[in-house]
Amino acid sequence: MSIDTLPRAVRPSRHLPPGRRWRSRLDVKVMPYTLVSPYFILFAAFGLFPLAFTLYYSLYDYDLAGTTEWTGLGNYAKLLADEDFWNAVTNTVGIFFLATIPQLLLALFLANALNKRFRLRLAVRMSVLLPLVTSVVAVAVVFTQLFARDWGLVNWILSWFGVDAINWRAERIPSWLAIATMVDWRWTGYNAIIFLAGMQTIPRDLYEAAAIDGATRRRQFWQITLPMLRPTMIFVVLNSTIGGLTLFSEPTTFYGGNVDGGSQGQFQTVAMFVVKQGFREFDYGYAAAAAWLLFLLILVGAFVNFMFVRRIGGTK
Amino acid sequence: MMIRKRRGALAAASALAAAALTVASCSSGGTPAASSAPASSAAAEPVTIRVQDFGGGSNFGYKNAITKWNAEHKDIQIKEEHLTDQFEQQYWPQMIQWLQAGNGAGDVVGIDEGGMGLAKAHPEWWADLKEYGLESRKADFPAWKWENGTTADGKLFGLGTDIGGMSICYRSDLFKKAGLPSERDKVSALWPSWDAFMKVGQQFQAKVKDTKFADGTNTLYQVVLYQEAAKNGNVTYFDKDNNLIVDKNPAVKAGFDFATKMSQQGLTAKLRNFTDEWAAGTQKGAFATVGCPSWMLGVVSGNAGDGGKGKWDVAAVPGGGGNWGGSWLAVPKQSKHPKEAAAVADYLTNAQTEASIFTDFGNMPSNTQAQQDSAVQSAKNEFFNNAPIGEIFAKSAASLQPVFLGVKHAQVKNAIESVIQGMDDGSVPYGKAWQQLVDDAVKAAG
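Taken in order, these protein sequences are the chains called B and X.
Using my numbering, you'd call the opening residue of the first sequence number 6 and step up by one each time.
Using my numbering, you'd call the opening residue of the second sequence number 51 and step up by one each time.
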């Protein structure tokens, strides 16, 4: 069926009897919308509505077990002056950088390695996805024990090198490192597979031509693979930005399911801050305002990263 | 073409049906599945009463009592749901959400003393137990325990479970290792005061390197806070008009100062109570003593496991008694089976059950009949080297004073304990800790 004939073929014919014409019209006008509607209905119910609802209540002083009062931008003003909020922002951004940069580099090199020919290729490629299908709770339980202050494997290994036991939940940077490790363990394989898919769309003749011109493997990677991978990279980076800035499960389970994130919020992320304000302090309006600021933070983060990735290998 | 269209219509119809199903299942996910007629179906199918509670180790100590009830009552079966070890940070916020949403809470729920202020302020959350004839239980409880389960407008919503009482649980084997007396009367004689307790700690720490003297700062802070509260009008963070008095109450400062000294001298294992690491530390011998209200006995024995049997013992607490902790059972209004739930709450708090919980696990009954039971008075705890817990706790039970806790007690308690823990784990400097404690308490009281 060629493109030109398509509109004519589906256009309701005037010569059809009324009943069939009605059905035919229904087919063309209503059916396409019906077919795409499930997504939009779900998006409206679980995306758009909460977004609007959150924005609405961020303008109120809304106590779950109490009263609701209009405060305008009061919640936002209070947030911007709240040390705990900025502490959460610092933690989120800090963990994001500690986790994402090594993760994407590792994923890139892993994908490059997987892109070669070797035995059991499919099995090995599949296996890098294994961490992703492990339940996050199981991951957290294992890592919580690895990074325990007493009787933890990591501290035990460090003790061989004369390092004193690190209190992973009390010190800021160590806690970030532990959480970043957990995140990377889970997501590196996933990103590697996406990079791999991107690499396989790069025409092989480019590599052949480069090889004939005498380019080494390394040079091919930097001059062909990387620039050609840019669209994939934009997707992966945006995805990691959103995931990294909304980080919640790993740091929460790392502190026994407690959203405090350490005795003094050493690793409390913004998402944890939102949950704490909303469901522990029952200050819904305040939590809603924090959620909106997190949304803005993600927009800014995504935009900055997008501009950054666009420049990668973009000299030509 | 027609065939394709038919298929399209069919597909659309099925997609619509699928969408409708999704929506339906989403909306029905919010309401409980069992909305069948309550009383009439009782004979045919047993009513399940969900009892929700919290706390470490053997927590409320309901294991044996529930097994017994379920064997005797085929028509009403109790299902215990132990939600989490932590009350303020996890159990209570979740419970408030369920109560406020009108759905999700069990038929009988445990409430720690720290949540009672808020619970009393929300009579609309609870079923009135007077409607099920439980007004008759008034004589079973001390006046304060009974009144705290009654709202301002006279609704009876909570029946008392356990009460505090105070002792020190200690590892006799480690005391022996440190060259200290290990027999409980001699150990009690070692520490007539908290200063003496600290001196024993220093002697212990000088000999034993891989075990700390105390679990952390928070447990001892609570013990001292409640002892001192009894001397300062029986209030902690709020006065009886619900004004925050953290900076004015000498009891708070006394507890804080003692915790600071213990931490500065390196006598604590820096573990926060009711965390997983703390529970693991109990089992693996990370610390040699822990402040023990009666209900803490079951927490320690439960966390330590069989390997700790006979190693732990119970000694007197320095500085006299105190009433830290103790809980109530309430029936949320949202329960579909309030009558049966009230019967279960009645059973779990009657003299016989509370007495057996004490002898099995150690939680001191608030039920005065149970307190006077000779089996309770003479009870010994096998896990704690047959310590005469009846003598230690039951004798002082009648004299325990109620401590007033404000509506926002749970939030303020968590904020304060976080600072004290932070001071111990090094994230809050000692010099700034008191100011931060006051500031964070103000913020949490919001």
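A virtual CB, placed ideally from N, CA and C, is assigned to each residue, including glycine.
- Task: Given a cut-off of 7 Å, decide if Q277 of chain X and G372 of chain X are closer than it, judged by their beta-carbon atoms.
- Result: The criterion of a C-beta distance shorter than 7 Å is satisfied by G372 of chain X and Q277 of chain X.
- Message: For a test of the three-state rule: what should DSSP assign to W241 of chain X, helix, strand or coil?
- Response: coil
- Query: Does the beta carbon of D265 of chain X sit closer than 7 Å to a beta carbon anywhere in chain B?
  - Reply: Chain B contact via Cβ: absent.
- chain B contacts from the stretch 443-473 of chain X (Cβ-Cβ distance under 7 Å): Q461, S468, Q471 and G472
- At which residue ranges does the stretch 152-217 of chain B contain complete alpha helix (DSSP H) runs of 4 or more residues, listed in the order of the chain? 158-165, 177-205 and 209-217
- Message: Please confirm whether F308 of chain B has its beta-carbon closer than 7 Å to some beta-carbon of chain X.
- Response: no
- Reduced DSSP secondary structure (H/G/I, E/B, other) of Q271 of chain B: coil
- Message: Once the 5 residues before and after K311 of chain X are set aside, which same chain residues still bring their CB inside 8 Å of it?
- Response: M248
- Start and end of the alpha helix (DSSP H) containing A395 of chain X? P388 to L398
- Task: Assign N293 of chain X to one of two classes, buried (16 or more other C-beta atoms within 10 Å of its C-beta) or exposed (fewer than that).
- Result: exposed
- Message: Along the stretch 327-357 of chain X, where does the CB come closer than 8 Å to a CB of chain B? Name the residues.
- Response: E327, A330, G331, K334 and A336
- Please classify D235 of chain X: is it buried, with 16 or more other beta-carbons within 10 angstroms of its beta-carbon, or exposed? Around the C-beta of D235 of chain X, fewer than 16 other C-beta atoms lie within 10 Å, and the residue is accordingly described as exposed.
- Item | Closest residue to Q271 of chain B among B:I184, B:L201 and B:A216 (Cα-Cα distance) | B:I184
- Query: Are N314 of chain B and L299 of chain B touching if we call contact CB-CB under 7 Å?
  - Reply: Per the sequence shown, residue 314 of chain B should be read as Val rather than Asn. The answer is no: Cβ separation not under 7 Å.
- Between V436 of chain X and K430 of chain X, which are expected to be in contact by the criterion C-beta below 8 Å, what is the C-beta distance as a whole number of angstroms? Looking at the sequence shown, residue 436 of chain X is not Val but Asn. About 5 Å separates the two Cβ atoms, so the contact holds.
- Quickly, what does DSSP pair Q102 of chain X with across the bridge? List them, please. X:E131 and X:V159
- Task: Closer than 8 Å by beta-carbon distance: list the chain X residues that pair up with D169 of chain B, in chain order.
- Result: Ordered by position in chain X, no residue passes the 8 Å Cβ test against D169 of chain B, which lies about 12 Å from the chain.
- Residue environment, N417 of chain X, which counts as buried when at least 16 other CB atoms sit within 10 Å: Buried, by the Cβ-count rule.
- Query: Taking Cβ positions only, does R122 of chain B come closer than 7 Å to chain X?
  - Reply: no
- Message: Give me, in chain order, the residues of the same chain whose beta-carbon lies closer than 8 Å to that of K129 of chain X; leave out the 5 immediate sequence neighbours on both sides.
- Response: T98, I99, R100 and V101
- Message: At a CB distance below 8 Å, what residues from the stretch 269-295 of chain B approach chain X? Give them in sequence order.
- Response: Q269, Q271, F284, R285, E286, F287 and D288
- Message: Below 8 Å on C-beta distance, what does W156 of chain B contact in chain X?
- Response: A330 and K334
- Have a look at I4 of chain B and L243 of chain B and give me their C-alpha separation to the nearest angstrom. This structure does not reach residue 4 of chain B, given that chain B is present from 6 up to 321, and the question cannot be answered.
- Message: On the DSSP bridge list, what partners appear for S377 of chain X?
- Response: X:D162
- Let me know the secondary structure DSSP gives I218 of chain X once reduced to three states. strand
- Query: Would DSSP call V73 of chain X helix, strand or coil?
  - Reply: Bear in mind that a pLDDT of 39 at V73 of chain X, under 50, signals an unreliable position, so the number given afterwards is only what the model happens to contain. Helix.
- Task: Let me know if Q4 of chain B comes out buried or exposed under the rule of 16 or more other beta-carbons within 10 Å of its beta-carbon.
- Result: As shown, chain B starts at 6 and ends at 321. That puts residue 4 of chain B outside it, with no answer to give.
- Query: Would you say S351 of chain X and N413 of chain X are within 7 Å of each other, going by their C-beta atoms?
  - Reply: Contact flag unset, no.
- Task: Measure from the alpha carbon of G167 of chain X to the alpha carbon of each residue in X:F288, X:K303, X:L133 and X:P300, then state which is nearest.
- Result: X:F288
- Is the shortest distance between the beta-carbon of P479 of chain X and the beta-carbons of chain B less than 7 Å? no
- Query: Hey, does G79 of chain X have any beta-carbon neighbour from chain B nearer than 7 Å?
  - Reply: Unreliable placement is indicated for G79 of chain X, whose pLDDT of 36 sits below 50; no coordinate value is reported for it.
- P382 of chain X by DSSP, collapsed to three states: which one? strand
- Query: Given a limit of 7 Å on CB to CB distance, which residues of the stretch 141-163 of chain X reach chain B?
  - Reply: When CB distances to chain B are screened at a threshold of 7 Å, the residues of the stretch 141-163 of chain X falling below it are P143, I146, Q147 and Q150, in chain order.
- Query: Does G248 of chain B come within less than 7 Å of chain X when only Cβ atoms are used?
  - Reply: The beta carbon of G248 of chain B does not come within 7 Å of any beta carbon belonging to chain X, so the residue lies off that interface.
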